[in-house]
Amino acid sequence: MKTNGGAALIKALEMEGVEVVFGLPGGAILPVYDPIIESPIRHILVRHEQGAGHMAQGYAQSTGRPGVAIVTSGPAATNIVTPLCDAYMDSTPMVVITGQVAFSAIGTDAFQEADTVGITRGVTKHNELIARAEDIPLIVRQAFHIATTGRPGPVLLDVPKNIVDPTNPDSALDWYWPTDEEVAASLPGYKPTIKGHPRKIKQAAKFIMEADRPVIYAGGGILKARAAEELRELAEMTNTPVVTTLMARGAFPDDHPLCLGMPGMHGNYTAVTAMQRSDLLIALGSRFDDRITGRLDGFAPGAKVIHVDIDPAELGKVRVPDVPIVGDARLIIVEIIRELRKLRDGGSELPDITDWRSTVSGWQEKYPLTYEQSEPGALLKPQYVLEQLRERAPQDCIVASGVGQHQMWTSQYWEFRHPYTWINSGGLGTMGFAVPAAIGAKVGRPDRMVWAVDGDGCFQMTAQELVTATTERIPVKVAILNNAYLGMVRQWQEMFYEERYSEVYLSPDLPDYVKWAEAMGCMALRVESPEEVGPAIDKANAVNDRPVVLEFRTDASEKVFPMVPSGLTNDHVMVDPSQEDPK
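Under this note's numbering, the first residue of the sequence shown carries the number 336, and numbering increases by one thereafter.
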């Protein structure tokens with residue numbers, strides 16, 4: 336069948352099962368946009384290209400399927416660099432298609448030309464400038480294969496205008512669709528290791544059988560591998576406590592007796608200290624991020640380490656493991672369980688870790704998450720707002736957050752009982768992530784309630800995408816914790832910079848968030864007292880025909896605790912002042 340590059344590109348997306356793309360047209364990409372009119376693919380028109388990228392991320396994180404964004408050349412391509420980097424850091428599968436000037440004009444500083452491949456080389460799993468129209472079907476297949484296999488990540492395809500323009504002879508091609516075998520043969524250097532090494536798996540099982548103070552350190556790779564059920568089976572079989580990183584929230588149910596919650600700089604005391612005092616860390620799909628380890632030379636000094644990761648580059652990158660295992664987390668957990676059963680059937684017994692469990696329970700009882708409720712007439716406590724949002728939402732509600740104090744409070748106070756219900760910017764820490772990511776998540780899971788929890792600083796960065804949500808009838812709900820500050824920066828300045836508040840004050844009243852939200856077609860309410868919180872949330876939850884924005888006036892003096900100060904070891908975890916031991 337004779338066709339052209341633009342039509343072939345859209346046809347290739349259809350063949351890959353793409354149901355929705357997020358994007359914004361422009362000159363260089365127009366020939367690709369024209370065939371979208373006849374395509375069954377839903378296109379969601381964003382108000383800024385960064386929004387397209389974050390929506391694709393939210394879609395991918397909530398569904399497990401790759402998110403797709405299409406934007407034009409030059410500034411559109413540079414605008415989507417932040418979501419690409421965010422997806423790269425968090426191993427989110429995404430395919431981004433950017434327009435490019437005609438091949439003959441590349442290098443001439445043509446209008447809206449940018450070296451997109453060069454700019455994005457360090458923030459993509461793979462990127463490619465497509466030189467010939469006839470290569471489009473194969474390269475699209477390669478892109479989706481690379482984005483979704485091994486360690487997932489973003490792939491960018493840069494498309495010169497001449498190879499997709501039906502009026503240009505460079506665009507002509509005979510349609511074909513490559514087989515799986517042809518795709519594999521075209522990528523001879525790309526062969527991710529899936530199965531773990533049998534000897535290493537046996538060694539891991541032996542370590543588990545010998546441990547007195549084990550902790551399972553579950554990272555985002557558990558969710559990427561669809562390994563939540565297997566993780567639970569391993570934990571219950573071995574009676575081992577589980578910590579879930581910021582990227583793994585929901586991978587293990589928060590209401591499970593073995594769940595210790597989130598570790599790290601703002602993790603809870605028990606999760607941080609259990610890792611620190613463990614004699615075996617079973618790291619599954621986690622990467623020993625600096626926010627988890629604190630000062631590295633003091634991290635979990637007495638622990639042996641089993642490290643399972645599909646990316647061999649992660650093994651030994653930060654902490655040298657005693658048992659490194661490369662492969663898919665789900666398959667390796669299954670094999671470890673099988674090996675443990677063999678050892679048990681052969682007469683070996685798992686160690687009695689009752690004393691360890693008792694010690695951990697003691698920490699949980701002594702150092703729970705806590706805060707002091709507001710006095711009548713005072714500003715709201717953000718933790719109370721999060722508790723009310725949590726209690727009044729369905730258990731399978733999806734929550735997305737921006738970055739800062741509100742992100743930490745959401746991870747701490749929301750109870751995650753199901754996987755794929757937490758949409759989050761972890762590694763890059765991108766302010767402005769929440770609103771577009773929540774929109775993408777709601778598009779991917781229209782059956783679910785979706786809340787975005789944002790700070791006033793974050794909201795001002797990408798709020799315009801609520802126009803997209805209104806126009807496209809995507810009824811997301813947004814909770815703004817408005818403390819009139821860049822809250823996390825203010826917290827650091829108060830604690831470590833002698834209260835020298837340099838350039839962190841925003842304003843409680845400018846902009847007027849209610850009027851702004853209403854101008855974007857949303858229902859909006861301002862909430863200023865504790866007795867108003869619950870009824871406002873109930874009212875928001877009942878609205879399903881448009882976006883809703885609730886502005887909560889919160890206390891700027893409130894800090895996120897626990898906290899491990901930067902540069903110190905996890906032995907120096909700071910708890911809420913009310914929990915400090917008297918001197």
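Quick reminder that beta carbons are idealized off the backbone N, C-alpha and C, glycines included.
Remember, predicted model here, so these are calculated numbers, not experimental data.
Would you verify that the beta carbon of THR451 is, or is not, closer than 8 Å to some beta carbon of chain C?
The chain labelled as chain C is not found in the depicted structure, where only one protein chain is given.
Assuming contact is defined by CB atoms lying nearer than 8 Å, are GLU384 and ILE364 in contact in what I supplied?
Locating residue 384 in the sequence shown gives position 49, counting from the first residue. Locating residue 364 in the sequence shown gives position 29, counting from the first residue. No. Outside cutoff.
Where do the N-terminal and C-terminal ends of the alpha helix (DSSP H) with ASN574 fall, by residue?
The residue given as residue 574 occupies position 239 in the sequence shown. Counting along the chain, ASN574 falls outside any alpha helix (DSSP H), and DSSP gives it neither H nor E.
Excluding five sequence neighbours on each side, which residues of the same chain lie with their C-beta closer than 7 Å to the C-beta of ARG630?
The count along the sequence shown starts at 1 and reaches residue 630 at position 295. Result list for ARG630: GLY902, LEU903, THR904, in chain order.
Indicate whether PRO865 and LEU666 have their beta-carbon atoms separated by less than 8 Å.
Sequence index remark: in the sequence shown, residue 865 carries index 530 (1-based). Sequence index remark: in the sequence shown, residue 666 carries index 331 (1-based). The answer is no: Cβ separation not under 8 Å.
Going by beta carbon distance, what residues of the same chain come within less than 7 Å of GLU722, once the five residues before and after it are set aside?
Here residue 722 refers to the residue found at position 387 when the sequence shown is read from its first residue. Shown here for GLU722: same chain residues with a beta carbon closer than 7 Å to its own, the five before and five after excluded, namely TYR748 in chain order.
Can the beta-carbon of ALA412 be found closer than 8 Å to that of ALA391?
The residue labelled residue 412 in the question sits at position 77 within the sequence shown. The residue labelled residue 391 in the question sits at position 56 within the sequence shown. No, the pair does not count as a contact, with Cβ atoms beyond the cut-off.
Classify ALA520 as buried or exposed, calling it buried when 16 or more other Cβ atoms lie within 10 Å of its own Cβ.
Here residue 520 corresponds to residue number 185 of the sequence shown, with the count starting at 1. With fewer than 16 other Cβ atoms within 10 Å, it is exposed.
Tell me which residue opens and which closes the beta strand (DSSP E) that ASN817 is part of.
Translated into the one-based positions of the sequence shown, residue 817 becomes position 482. Annotation for ASN817: the continuous beta strand (DSSP E) segment containing it runs 812-817.
Is PHE751 near ARG584, with beta carbons less than 8 Å apart?
As a first step, residue 751 is located in the sequence shown; it is residue number 416 there, counting from the start. As a first step, residue 584 is located in the sequence shown; it is residue number 249 there, counting from the start. Yes; because the gap between Cβ atoms is below 8 Å, this pair is in contact.
For LEU714, three-class secondary structure by DSSP:
Along the sequence shown, read from residue 1 onward, the residue named residue 714 stands at position 379. Residue state, collapsed to three classes: coil.
Cβ separation of ILE809 and LYS777, assumed to be a contact under 8 Å, to the nearest whole Å
The residue labelled residue 809 in the question sits at position 474 within the sequence shown. The residue labelled residue 777 in the question sits at position 442 within the sequence shown. Right, the Cβ-Cβ distance comes to about 5 Å (below 8 Å), so this counts as a contact.
Would a C-beta distance cut-off of 8 Å place GLY602 and PRO897 closer than the cut-off?
As a working note, residue 602 is residue 267 in the sequence shown. As a working note, residue 897 is residue 562 in the sequence shown. Cβ distance < 8 Å, so GLY602 and PRO897 count as in contact.
Helix or strand or just coil, what does DSSP make of ASN876?
Here residue 876 is taken as the residue at index 541 of the sequence shown, counted from 1. If DSSP states are grouped into helix, strand and coil, ASN876 belongs with the helices.
Rounded C-beta distance between GLY554 and ARG622? I'm assuming under 8 Å.
On the sequence shown, residue 554 is found 219 positions in, with the first residue counted as 1. On the sequence shown, residue 622 is found 287 positions in, with the first residue counted as 1. The pair is a contact, with the Cβ atoms about 6 Å apart (cut-off 8 Å).
In angstroms with no decimal places, state the Cα-to-Cα distance between GLU354 and GLY620.
Here residue 354 refers to the residue found at position 19 when the sequence shown is read from its first residue. Here residue 620 refers to the residue found at position 285 when the sequence shown is read from its first residue. Answer to the nearest angstrom: the Cα atoms are 29 Å apart.
Determine the closest residue to THR338 out of TRP510, LEU704, GLY531, with distance taken between C-alpha atoms.
The residue given as residue 338 occupies position 3 in the sequence shown. Of the candidates TRP510, LEU704, GLY531, the one whose C-alpha sits nearest the C-alpha of THR338 is TRP510.
At what residues does the beta strand (DSSP E) containing GLN435 begin and finish?
Counting from 1 along the sequence shown, the entry for residue 435 is found at position 100. First-last of the beta strand (DSSP E) with GLN435: 429-435.
Is the separation between the beta-carbon of LEU522 and that of PRO754 shorter than 8 Å?
Residue mapping note: residue 522 aligns to position 187 of the sequence shown, counting from 1. Residue mapping note: residue 754 aligns to position 419 of the sequence shown, counting from 1. No, these two residues do not count as a Cβ contact at 8 Å.
CYS594 - containing beta strand (DSSP E), residue span
For the purposes of this step, residue 594 is taken as residue 259 along the sequence shown, with counting starting at 1. Its beta strand (DSSP E) spans residues 594-596.
Residue from ASP782, GLU800, ASN759 with nearest C-alpha to ILE774
For the purposes of this step, residue 774 is taken as the residue at position 439 of the sequence shown. Of ASP782, GLU800, ASN759, the residue nearest in Cα terms is GLU800.
Secondary structure of TRP757, DSSP reduced to three states:
Your numbering for residue 757 matches position 422 in the sequence shown. If DSSP states are grouped into helix, strand and coil, TRP757 belongs with the strands.
What distance in whole Å lies between the Cβ atoms of LEU650 and ILE543, which are believed to be in contact at a cut-off of 8 Å?
Counting from 1 along the sequence shown, the entry for residue 543 is found at position 208. Counting from 1 along the sequence shown, the entry for residue 650 is found at position 315. Incorrect: roughly 18 Å between the Cβ atoms, too far for contact.
Starting from the C-beta of TYR848, find all residues in its chain whose C-beta is less than 8 Å away, skip the five residues before and the five after it, and write them out in chain order.
Numbered from 1 along the sequence shown, position 513 holds the residue referred to as residue 848. Contacts found: ASP791, PHE794, ILE815, ASN817, ALA859, ARG861, VAL884, GLU886.
Who are the Cβ neighbours of ALA395 in its own chain at under 7 Å, not counting the five residues just before and after it?
Mapped onto the sequence shown, residue 395 falls at position 60. Excluding positions up to five away in sequence, the list reads PRO401, GLY402, THR427, PRO428, MET429.
Contact set for VAL811: own chain, Cβ-Cβ below 7 Å, skip 5 residues either direction
In the sequence shown, residue 811 corresponds to position 476, counting from 1. Take VAL811, set aside five residues on each side of it, and the residues of its chain with a beta-carbon closer than 7 Å to its own are ALA773, ILE774, LYS777, VAL785, ALA787, ALA804, PRO882, in chain order.
Kindly list the residues whose CB is nearer than 8 Å to the CB of ARG780, restricted to its own chain and excluding five residues on each side of it in sequence; keep chain order.
Numbered from 1 along the sequence shown, position 445 holds the residue referred to as residue 780. These residues qualify, in order along the chain: SER397, THR398, ILE733.
Reference GLU351, options GLY697, ILE376, GLU726, closest by Cα
Taking the sequence shown and counting its residues from 1, the one referred to as residue 351 is at position 16. Closest option to GLU351, Cα to Cα, is ILE376.
From PHE831 to GLU893, what does the alpha carbon distance come to, in whole angstroms?
Residue 831 sits at position 496 when you count from the first residue of the sequence shown. Residue 893 sits at position 558 when you count from the first residue of the sequence shown. About 15 Å.
At what residues does the alpha helix (DSSP H) containing MET743 begin and finish?
As a first step, residue 743 is located in the sequence shown; it is residue number 408 there, counting from the start. 740-748 is the extent of the alpha helix (DSSP H) around MET743.
So VAL494 and LEU724 are in contact, right, with Cβ under 8 Å, and what is the actual spacing, rounded?
For the purposes of this step, residue 494 is taken as the residue at position 159 of the sequence shown. For the purposes of this step, residue 724 is taken as the residue at position 389 of the sequence shown. Not quite, the Cβ-Cβ distance comes to about 42 Å (not below 8 Å), so this is no contact.
Spell out a yes or no on whether the region 598-614 and the region 633-648 are touching, meaning 3 or more CB-CB pairs, one atom from each, closer than 8 Å.
yes
Would you give the residue range spanned by the beta strand (DSSP E) that ALA507 belongs to?
Counting from 1 along the sequence shown, the entry for residue 507 is found at position 172. Looking at the DSSP string, the run of the beta strand (DSSP E) that includes ALA507 is 507-509.
Apart from the five residues just before and just after MET572, which ones in its own chain have a Cβ nearer than 7 Å to its Cβ?
Translated into positions along the sequence shown, residue 572 becomes position 237. Result list for MET572: ILE672, LEU675, in chain order.
Taking only three categories from DSSP, how would you classify GLU838?
Here residue 838 is taken as the residue at index 503 of the sequence shown, counted from 1. GLU838: coil per DSSP, three-state reduction.
Could you pull the DSSP bridge partners for GLY790 from this structure?
Locating residue 790 in the sequence shown gives position 455, where the first residue counts as 1. In DSSP, GLY790 forms a bridge with LEU816.
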